[in-house]
Structures are given as structure tokens and as C-alpha cells.
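For the sequence shown, this note's numbering begins at 2 and goes up steadily by one.
Note that the Cβ used here is the ideal one computed from N, Cα and C, for glycine as well.
Before any comments, here is the structure.
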Amino acid sequence: MSLPKIILKQGKAKPFYSRHPWVFAGAISKTENSPTDGAEVEVFSSEGNFIARGLYNSQSKIQVRLYTWNVDQPLDKDFFKSKFQNAIQLRNDLGLNNNEVGCRLVFSEADGLSGLCVDKYGKWLVMQFTSLAMASRREMFADILQELLNPEGIYLRTEKGIGKLEGISLQDEICRGTPPEGTIPIQEHGLQFMVNLTEGQKTGYYLDQRDNRLEAAKLAKGRKVLDVFCYGGGFSLHALKHGAIETVGIDQSASALHLAADNAKRNNLGPSRWILGSAFETLAELVKTGEKFGVVVLDPPKFARSRSAIDEAIKGYRRLNTLGLKLLEPGGFLVSCCCSGLITMDMMEQILALVGADEKRDIQVLQRRGPSPDHPVAATCLESHYLKCIITRVM
2 MSLPKIILKQ GKAKPFYSRH PWVFAGAISK TENSPTDGAE VEVFSSEGNF
52 IARGLYNSQS KIQVRLYTWN VDQPLDKDFF KSKFQNAIQL RNDLGLNNNE
102 VGCRLVFSEA DGLSGLCVDK YGKWLVMQFT SLAMASRREM FADILQELLN
152 PEGIYLRTEK GIGKLEGISL QDEICRGTPP EGTIPIQEHG LQFMVNLTEG
202 QKTGYYLDQR DNRLEAAKLA KGRKVLDVFC YGGGFSLHAL KHGAIETVGI
252 DQSASALHLA ADNAKRNNLG PSRWILGSAF ETLAELVKTG EKFGVVVLDP
302 PKFARSRSAI DEAIKGYRRL NTLGLKLLEP GGFLVSCCCS GLITMDMMEQ
352 ILALVGADEK RDIQVLQRRG PSPDHPVAAT CLESHYLKCI ITRVM
């Protein structure tokens, strides 16, 4: 029996011949053979030419995610297993696929598995889905991971808000093996961090900032460091290891600050202060008291989750960076991060330029950075380049 077909509107096929994996609803002219949500489909141009095979979801703005441009390739277990093998090989080549460090084994579009991320912490794996069709195949993916890696357990984590956008009805749960007892230790550039798979933010840890934490720390010697949205204290601990005279971490989560303090104790690092509170309110209070820092790290959560939120997000980033600049001593370093994929590197640099002008401070851009290499970017889907980290010197 032939697969359901997706027929594109005239003039809409070019991005998909170029292997962009997202087919939005606005590019579709009609469907044939009544595809159901989660079904495998074939995508054709308006002229009737085959383009690719993908998975369908009428509930999503991305109605088809594309996985193969081979007309004879079914999206079966063997196909997906080869994608997993290629992804794991990259992490092997990077020296990250071991039981000591944490790493992202599968990164969605960049590994040809749009809608799925898999993180590895010690002997445990965490799967996270952003696609209904991929989530409906979670048992098959768990089988593949069990065959390839034989983990102690595979845990399912759900991303807040994605369920509504994709029509996914999932809950956090163990789907293979057993969950870890308590937290899991991982190593990062000579430091040990504890990860909570079941209750921690994201999948338990911010693996994407691994190398940025190290680069920022190289500027910390002899300086006082402010770590805003600090979570488990990653930037703070690296700064202390590299000679910071003191670190101050801010987070609105009491459990995050407890984890950060525990991580500092485990690594015998200090002195450090951990402040519970809203980042914006706490920064404003620090400005009032006249406190100054030699390094300020701003690593906020995603401000722009949709295009309609971009303008408000830009205002938020501008306000946040303004407060950060006010707390920075002349000649100090501002590390400004953004994980909103809709906010580009150029937009972040424009925000910094405006903030510098407002505060009458000269800003020198030293490094434009992205995520660690276990979070590669698909050249055909630059939207997957979500994390920006700009390291600057401020006079």
C-alpha cells in the first residue's frame, strides 16, 4: 500500500530539495490518502516530483519533519538505528561517550533525528521529545539505545510547553531499566558536578555550556565573579578553580542553589555566596548597594518561545545586560548568553551595542561562541544553532 502524500504549494519546494527538515503548514497545498498524526508520509512538489519522506503531525506548525531524501528508504528500525550509530560515533570521536562525563548523544536535527534529544549521564540515558511522531516511536528508540549502549536505565523527560504545541501527552518516567538512586556524578574539566535526572532542569544539567564555562573561567583569576541564573553553579565553580577571589550565584530555585552549594563543597571550592531570588530584582538591588564585579555571567532561560515573543524578549535581554553592565567594573568581562533560537547572534550584538551606548561604556567583543561540539548545528537547518555566548571586555 502506498504511503500518504503531502503535496506542496507551487514555489515552496526549494528549501526541502536543499534538505531543510521542517515543512510548515503554510507550505502544504493538500494531503492524499488521509495521513494520520505520527504517520510516515512522502512529500512531493506541486509538479508531482518526489522530494523526501517524513513524519506527519496535523497538530503542529511543523506538519512534516523530513528524515530521508531516498525514495526507497522506509523510516523503519534499521534506518533509525543507523542514525543513532552515526550520532554515537561522533561522540566517540569527541571523547565524550564514557561513564565519567555527561554528553548529548543525539541532538535532533543536527543528527538527522528531528524531534529527539538523548543525553548520557554516567550509565543512564535521558530521552526528550519535541515531536509527536517521534514520541510515538519511543519504545523502538529505547530498544535501539538498549541494543547499542546497554544503559542501566533510560529516563523520559518532557519539555514544558512542547506537549501543547505538538499534541504530545507524556509524563516524566523510567522507560527502561531502573532510575538512579539520587544524583549522578559527572566530570567536567576536572570538576565534579551532581546531576538529578528526575527533578533537575532540562534533562538534569546544561551540557551545552560545558566549554563556555571553561572559557569564561580563564578570565576570572583575581576577580570577583557574578553568576546569574547559576543553576548548579557551573560558571561559578570553574571560575573559582581558575583563581576567582569570590563568586556570587543568583537563582530563583532553592533546589538549584542547594545543588550549587553542594557542588562547591564536593570540589572544595570557595568562597561563594548563593542568593535566592529573581534575577532582575536581585541585580537591581546589587546596583543600589554599589557592588562591583570583575566578571559578570548572564545565562538566562529562553525568553522567546515564538516569533510573537521576539520584541518582548529583546527588551528583556536589553534590560538584563544593562543591569549586568552597571555591576561590572571598568576593564571587566561580560559573558552574555542567549538560548532563544529566534534571537540571532547579530541581534544579541546589537543589543550589547545599544546597552553600551546607553551606559556610555565601550564594549569589545572577544569571542562569539556557541554550544559544545556534542551539540552540532545542521548546515541545512541553521535554526538548530540556538545557543549564543558572547564574551566581551567592557571599559
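Exercise. Quick one: what's Y232 bridged to in DSSP?
Worked result: Here residue 232 refers to the residue found at position 231 when the sequence shown is read from its first residue. Beta bridge pairing from DSSP links Y232 with no other residue.
Problem set entry | Q86 - DSSP class collapsed to helix/strand/coil | Here residue 86 is taken as the residue at index 85 of the sequence shown, counted from 1. Helix at Q86.
For this session: Check K161 in the structure and name its three-state DSSP category.
Result: By 1-based counting over the sequence shown, the position of residue 161 is 160. Correct three-state label for K161: coil.
Exercise. When the Cα atoms are used, what is the spatial distance from G325 to G250?
Worked result: Working through the sequence shown from its first residue, we reach residue 325 at position 324. Working through the sequence shown from its first residue, we reach residue 250 at position 249. G325 and G250: Cα-Cα distance of roughly 13 Å.
Problem set entry | Anticipated Cβ contact below 8 Å, K6 with T32, distance rounded | For the purposes of this step, residue 6 is identified with residue 5 of the sequence shown, where counting begins at 1. For the purposes of this step, residue 32 is identified with residue 31 of the sequence shown, where counting begins at 1. Indeed, because the Cβ distance is near 7 Å, the residues count as touching under 8 Å.
For this session: Rounded to whole angstroms, what's the CA-CA distance from L9 to Q210? Just pull it up for me.
Result: Position 8 of the sequence shown, counting from 1, holds the residue named residue 9. Position 209 of the sequence shown, counting from 1, holds the residue named residue 210. Whole-angstrom Cα-Cα distance: 38 Å.
Exercise. Residues bridged to G55 by DSSP?
Worked result: Counted from its first residue, the sequence shown places residue 55 at position 54. Its beta-bridge partners are V42 and L67.
Exercise. Quick one: what's F108 bridged to in DSSP?
Worked result: Taking the sequence shown and counting its residues from 1, the one referred to as residue 108 is at position 107. Looking at the DSSP assignment, F108 forms a beta bridge with C118.
Exercise. Is there contact between the stretch 232-243 and the stretch 253-268, where contact requires at least three CB pairs shorter than 8 Å?
Worked result: yes
For this session: Check D173 in the structure and name its three-state DSSP category.
Result: The residue labelled residue 173 in the question sits at position 172 within the sequence shown. In this structure, D173 counts as coil in the three-state DSSP scheme.
Problem set entry | At least three beta-carbon pairs within less than 8 Å, the stretch 191-209 to the stretch 263-280 | yes
Exercise. Hey, would you say L106 sits closer than 9 Å to A134, going by beta carbons?
Worked result: Residue mapping note: residue 106 aligns to position 105 of the sequence shown, counting from 1. Residue mapping note: residue 134 aligns to position 133 of the sequence shown, counting from 1. Not in contact: L106 and A134 (Cβ atoms no closer than 9 Å).
Exercise. For I276, which of A285, S309, V296 and Q253 has the nearest alpha-carbon?
Worked result: Translated into positions along the sequence shown, residue 276 becomes position 275. Of the candidates A285, S309, V296 and Q253, the one whose C-alpha sits nearest the C-alpha of I276 is Q253.
For this session: Identify whether D300 lies in helix, strand or coil by the three-state DSSP scheme.
Result: Position 299 of the sequence shown, counted from the start, is the residue given in the question as residue 300. D300 falls in the coil class under three-state DSSP.
Problem set entry | Which residues DSSP lists as bridging D347, in chain order | For the purposes of this step, residue 347 is taken as the residue at position 346 of the sequence shown. None, per the DSSP bridge assignment.
Exercise. Around the C-beta of S35, are 16 or more other C-beta atoms found within 10 angstroms, so that it is buried, or is it exposed?
Worked result: As a working note, residue 35 is residue 34 in the sequence shown. So S35 ends up on the exposed side.
For this session: Identify, in the order they occur along the chain, each residue of the same chain with its Cβ nearer than 6 Å to the Cβ of F304, setting aside the five sequence neighbours on each side.
Result: Along the sequence shown, one-based indexing puts residue 304 at 303. A314, G317 and S341, listed in sequence order.
For this session: Would you give the residue range spanned by the beta strand (DSSP E) that R224 belongs to?
Result: As a first step, residue 224 must be located in the sequence shown, where it is residue number 223. Element bounds for R224: n/a, residue is neither H nor E.
Problem set entry | Residue from F81, G27 and F334 whose Cα sits closest to the Cα of M396 | Along the sequence shown, read from residue 1 onward, the residue named residue 396 stands at position 395. Closest option to M396, Cα to Cα, is F334.
Problem set entry | Which residues DSSP lists as bridging S337, in chain order | By one-based count along the sequence shown, residue 337 stands at place 336. DSSP lists L299 and I391 as the bridge partner or partners of S337.
Exercise. The alpha helix (DSSP H) spanning K124 covers which residue range?
Worked result: Taking the sequence shown and counting its residues from 1, the one referred to as residue 124 is at position 123. It is not in any alpha helix (DSSP H) - K124 carries neither H nor E in the DSSP assignment.
Exercise. Beta strand (DSSP E) containing T248: first to last residue?
Worked result: As a first step, residue 248 is located in the sequence shown; it is residue number 247 there, counting from the start. E247 to D252 is the span of the beta strand (DSSP E), which, as asked, contains T248.
Exercise. Straight-line CA distance for L149 to G123?
Worked result: For the purposes of this step, residue 149 is taken as residue 148 along the sequence shown, with counting starting at 1. For the purposes of this step, residue 123 is taken as residue 122 along the sequence shown, with counting starting at 1. The straight-line gap from Cα to Cα measures roughly 15 Å.
For this session: Apply the 10 Å Cβ neighbour rule to L383 and answer buried if 16 or more other Cβ atoms are within range, or exposed otherwise.
Result: Taking the first residue of the sequence shown as 1, we reach residue 383 at position 382. By the 10 Å Cβ count, L383 comes out exposed.
For this session: Report yes if the C-beta distance between C338 and N197 is below 9 Å; otherwise report no.
Result: Residue numbering aside, residue 338 sits at position 337 when the sequence shown is read from its first letter. Residue numbering aside, residue 197 sits at position 196 when the sequence shown is read from its first letter. Taking 9 Å as the Cβ cut-off, C338 and N197 do not qualify as a contacting pair.
For this session: Report yes or no: do three or more beta-carbon pairs, one from the stretch 18-27 and one from the stretch 67-81, lie closer than 8 Å?
Result: yes
For this session: Could you tell me the boundaries of the beta strand (DSSP E) in which P186 lies?
Result: To locate residue 186, count along the sequence shown from 1; it is residue 185. Element bounds for P186: I185 to E189.
Exercise. Is it right to say K1 is buried, meaning 16 or more other beta carbons lie within 10 angstroms of its own, or is it exposed?
Worked result: Residue 1 is absent from the model: the chain starts at 2 and stops at 396.
For this session: Note down, in chain order, each residue of its chain lying with its Cβ closer than 8 Å to the Cβ of Q202, except the 5 sequence neighbours on either side.
Result: Counted from its first residue, the sequence shown places residue 202 at position 201. So the list reads Y232, S254 and A257, once near-sequence residues are dropped.
Exercise. For N99, is the classification buried or exposed, using 16 other Cβ atoms within 10 angstroms of its Cβ as the cut-off for buried?
Worked result: Reading the sequence shown from its first residue, position 98 is the one you call residue 99. Here N99 is exposed, its C-beta having fewer than 16 other C-beta atoms within 10 Å.
For this session: Out of A136, R306 and D228, state which residue places its alpha-carbon closest to the alpha-carbon of S273.
Result: For the purposes of this step, residue 273 is taken as the residue at position 272 of the sequence shown. Closest by alpha carbon: D228.
For this session: Look up L329 in the DSSP assignment and give the residues it is bridged to.
Result: Along the sequence shown, read from residue 1 onward, the residue named residue 329 stands at position 328. Paired residues: F294.
Exercise. Ends of the beta strand (DSSP E) at Q368?
Worked result: Residue mapping note: residue 368 aligns to position 367 of the sequence shown, counting from 1. Here the beta strand (DSSP E) through Q368 covers I364 to R370.
Exercise. Counting along the chain, where does the alpha helix (DSSP H) carrying S256 start and finish?
Worked result: Your numbering for residue 256 matches position 255 in the sequence shown. Residues A255 to R267.
Exercise. Starting from M195 and walking both ways along the alpha helix (DSSP H), at which residues does that stretch end?
Worked result: Counting from 1 along the sequence shown, the entry for residue 195 is found at position 194. First-last for M195: L192 to V196, but that is the beta strand (DSSP E), not the alpha helix (DSSP H).
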